[in-house]
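Step one of this worksheet: look at the structure below.
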Amino acid sequence: MSYKYIYQKEEKELEFNASKPMESTAQIRNEIMSKFFLADNLNFLMSNGCSYYAGSEAINEENEKADYAKILSEHKFKTKIDEAIQKRVNELAKERPELALDKLFELKLFFESTLPNKEIAVEIVELIESFKEAFIKQFVLSIDYRKNQLHKSFLKRLLSRDSKLSKPNIFTLNYDLLFEMTAEKLGIFVNNGFTGFHERAFYPSAYQIDYHLKNPEGAKRINKSVNLFKLHGSLSWYADENKPPYGIGERQVIPVDGKIEYDQIKEGTIIYPVQSKKKHSLDLPYSEMLRQFVETLNKHNSVLIIAGYSFLDEHVNDIIANAIANPDFNLLIFSYEDEPQNNKSNFLKQLYEDAKNDTRITMFYGKYFGDFENIVNFLMPFPEMHNPMEDIFSVFQKLKKATN
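Here the numbering used here is used: the first residue of the sequence shown is 105, the next is one more, and so on.
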């Protein structure tokens with residue numbers, strides 16, 4: 105089979121042999137991906153598509169059978185309400201979750217201010233909370249943290265880069281804790297902007313902290329570390345006004361049989377999927393995370409690799425568009441869409457066209473290239489593996505030859 109991609113303004117095809125996947129992808133892995141991985145300022149933007157294999161579900165798919173959709177379709181207002189509004193709320197079950205939740209927030213605001221009705225406003229608030237709970241349980245808490253093999257491989261390969269290079273930055277739109285928990289199992293330091301031991305609080309300056317090992321020969325920088333930015337919040341965050349400067353704390357969340365229980369995170373601090381995410385993201389601490397994203401991409405010779413992202417978040421797209429304006433910025437996209445020009449995102453359609461005229465934009469697209477498993481297993485570069493006994497035998501042979 106053949107799979108399409110755009111590199112150096114040219115549309116190319118990968119001739120793929122399923123029986124020899126490593127050989128088939130060698131050129132992409134060794135010539136294209138390796139070049140990007142050598143960037144001193146290497147950044148990743150990762151979203152829901154990177155967690156599917158562990159149990160997460162596609163958030164942007166229209167699914168009338170989803171739990172949140174059933175709540176909307178079956179809801180009946182206890183307070184007398186216009187039939188048109190009752191019908192509209194029930195019909196929201198047919199919408200994508202971000203559109204449905206956005207409309208609920210609009211209705212809430214309408215009955216709180218424009219046409220005040222406390223009883224209806226309270227009912228809508230309760231409906232929103234039920235919606236959020238169903239959404240989180242189905243799309244986020246469905247993850248089994250024991251199934252994290254791809255995140256293990258991703259981090260191992262990412263940290264196999266030259267130790268002289270700067271720490272890589274991972275920006276994620278996911279709420280889940282796959283990166284944090286996987287890194288902990290591997291003994292990898294994750295700097296997520298929080299400091300403290302028993303009482304952890306969010307301090308942006310923490311991202312400037314580096315780790316070193318001190319020995320008789322001098323201090324040696326620990327290369328096994330990454331910066332992690334949760335742009336839409338995290339299951340482990342919670343609001344606490346007693347934790348300056350941003351009033352955000354971090355709790356320890358422990359999975360039970362691989363799963364996180366809703367009671368552990370129901371008071372969490374996250375940006376739910378609504379069309380108005382751009383407005384919500386202007387609030388702290390999300391605005392600080394986005395500021396870090398902007399500043400990092402604006403650094404000299406920055407590389408951004410995107411995977412598992414639908415390109416439907418306007419505020420994130422704005423930052424990417426701003427970075428492309430920098431002449432030394434490079435963008436590499438893994439898109440699951442077979443034909444990006446038919447995507448729901450107009451921004452992705454434009455990137456697809458721009459890639460044909462801009463050598464700084466590389467685009468791999470289709471179900472093969474967009475699959476996180478294939479990205480990790482066959483496309484990410486990694487050190488050549490060899491048997492250490494071969495090195496020992498080689499040295500022995502040289503010593504033997506020199507002795508003779």
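Glycine is no exception: its CB is placed at the ideal position from the N, C-alpha and C atoms.
Please read these numbers as outputs of a predicted model, since none were measured by experiment.
message: Whole angstroms are fine: how far does the CA of Val480 sit from the CA of Glu284?
response: 18 Å
Paired residues, beta bridge with Met467 - DSSP: Ile110, Ile437
field: Residues bridged to Val407 [DSSP beta-bridge criterion]
entry: Leu146, Asn434
task: Within 10 angstroms of the Cβ of Phe301, are there 16 or more other Cβ atoms? Answer buried if so, exposed if not.
output: exposed
- prompt: Using a Cβ-Cβ cut-off of 7 Å (strictly less than) and excluding sequence neighbours within five positions of Phe473, which residues of its own chain qualify?
  reply: Tyr107, Tyr109, Phe438
field: Chain-order list of residues whose beta-carbon lies under 6 Å from that of Val499 (same chain, five-residue window excluded)
entry: none
- prompt: Where does Arg250 fall in DSSP's three states?
  reply: coil
Enclosing beta strand (DSSP E) for Tyr538 [first to last residue]: Residue 538 is absent from the structure shown; the chain starts at 105 and stops at 508.
- request: Tell me whether Leu262 is buried or exposed, calling it buried when 16 or more other Cβ atoms sit within 10 Å of its Cβ.
  value: buried
- prompt: Nearest to Pro348 by alpha carbon, out of Leu290, Lys260, Pro389, Gln253?
  reply: Pro389
- prompt: How is the alpha helix (DSSP H) around His419 delimited, first residue to last?
  reply: 418 to 428
message: So, does the segment 345 to 362 touch the segment 422 to 432, judging by three or more C-beta pairs under 8 Å?
response: no
Cβ contact (3+ pairs, closer than 8 Å) linking the segment 200 to 210 and the segment 265 to 282: no
query: Tell me, which residues are paired with Leu219 by DSSP?
result: Answer by DSSP bridge pairing: none, since Leu219 is not bridged.
Cβ neighbour criterion (16 or more within 10 Å) applied to Ala287: buried
field: Contacting residues, own chain, Cβ-Cβ under 7 Å from Arg304 (five flanking each side not counted)
entry: Phe298, Gly353, Glu354
task: Drop a sphere of 10 angstroms on the beta-carbon of Asn227, count the other beta-carbons inside from all chains shown, and report buried for 16 or more, exposed for fewer.
output: Residue identity check: residue 227 is Glu in the sequence provided, not Asn. By the neighbour-count rule (16 or more Cβ atoms within 10 Å), Glu227 is buried.
message: On a Cα-Cα basis, can you pick out the residue from Met484, Asp475, Ser391, Leu436 that is closest to Gly153?
response: Asp475
task: Could you tell me how far apart the beta carbons of Tyr366 and Glu237 are, in whole angstroms, since I believe they sit closer than 8 Å?
output: 6 Å
query: Count the other CB atoms within 10 Å of the CB of Asp314; is the residue buried (16 or more) or exposed (fewer)?
result: exposed
task: To the nearest angstrom, report how far apart Gly337 and Gly412 are at their CA atoms.
output: 17 Å
query: Using the rule of at least 16 other Cβ atoms within 10 Å of the residue's Cβ for burial, across every protein chain shown, is Arg265 buried or exposed?
result: buried
query: DSSP three-state call for Ser329: helix, strand or coil?
result: strand
query: Around the Cβ of Glu441, are there at least 16 other Cβ atoms within 10 angstroms (buried) or fewer (exposed)?
result: buried
task: Closer than 7 Å by C-beta to Phe397: which residues in its own chain qualify, once you throw out the five before and the five after it? Chain order, please.
output: Phe275, Phe333, Leu335, Ile423
- prompt: Hey, would you say Tyr249 sits closer than 9 Å to Ala158, going by beta carbons?
  reply: yes
- prompt: With distances taken from CA atoms, which of Leu196, Glu199, Ile232, Asn295 is nearest Leu213?
  reply: Ile232
Residues that Asn273 bridges to, as DSSP identifies them: Asn147, Asn331
query: Would the beta-carbon of Ser391 fall within 9 Å of that of Ser414?
result: no
field: Rounded straight-line distance, which links the Cα of Val330 to that of Leu386
entry: In this predicted model, Leu386 has a pLDDT of only 45, less than 50, meaning its place in the structure is not dependable enough to derive any value.
message: Among Asp186, Leu282, Ser246, whose alpha-carbon lies nearest the alpha-carbon of Lys363?
response: Ser246
message: Using a Cβ-Cβ cutoff of less than 6 Å, which residues in the same chain neighbour Ser151 once the five nearest sequence positions on both sides are dropped?
response: Leu277, Gly412, Tyr413
- prompt: Run through DSSP, which three-state label would Val294 get?
  reply: strand
query: Where does Gly353 fall in DSSP's three states?
result: strand
- request: Go ahead and label Pro220 buried or exposed: buried means 16 or more other beta carbons lie within 10 angstroms of its beta carbon, across all protein chains shown.
  value: exposed
message: Please report the straight-line C-alpha distance between Gln312 and Asn434, rounded to a whole angstrom.
response: 23 Å
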